Every structure is written in structure tokens, then in C-alpha cells.
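Next comes the structure, spelled out in C-alpha cells:
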């Protein structure tokens, strides 16, 4: 499986033969960075982009919640 972001508000999951499997909606209109923590027992995917929120997915098929940080 290949996971990608880009100029749309989705994290895309592709099969190795090039078919789009899943498009997970995100807070950002463009996705610049995707991170996966695969070393722990609970895998986490994070996606950040053109928005102040960072989306977290514990199940890679949907967004669980978003983090944001306030400047006080």
C-alpha cells in the first residue's frame, strides 16, 4: 500500500497496481506532511498541511481527531 497527500483535502491509500483504495477527508485543503508511528503496538498516522490543525488517525481509514496548539 502507498499512502499519499497533495493538493486535495484527502490522505489517499493506493494499491500497488495504482488503484485508489481509500480517500480519508482531512482538515487541511492541501496535505504537506504525513507521518506514521509504526513502532508502538498502536499505529498512528498524522497528516498536516495548509491548516492549523494536525489530523490523527489510529485506524488509517478515517480521521479520529485533530490537534491544534494555541499561542497564549
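In this note's numbering, the protein residues as written are 1128 to 1199. Beta carbons: idealized from backbone N, C-alpha and C, even for Gly. Note that the structure is predicted; figures quoted are calculated from it, not measured.
Return the first residue and the last residue of the beta strand (DSSP E) that residue 1174 is part of.
-> 1171-1176
Excluding the five sequence neighbours on either side, which residues of its own chain have a C-beta within less than 7 angstroms of the C-beta of residue 1179, listed in chain order?
-> 1195
Beta carbon of residue 1191 nearer than 7 angstroms to that of residue 1184 = yes
When the Cα atoms are used, what is the spatial distance from residue 1189 to residue 1175?
-> 15 angstroms
Residue 1198, DSSP secondary structure in three states | coil
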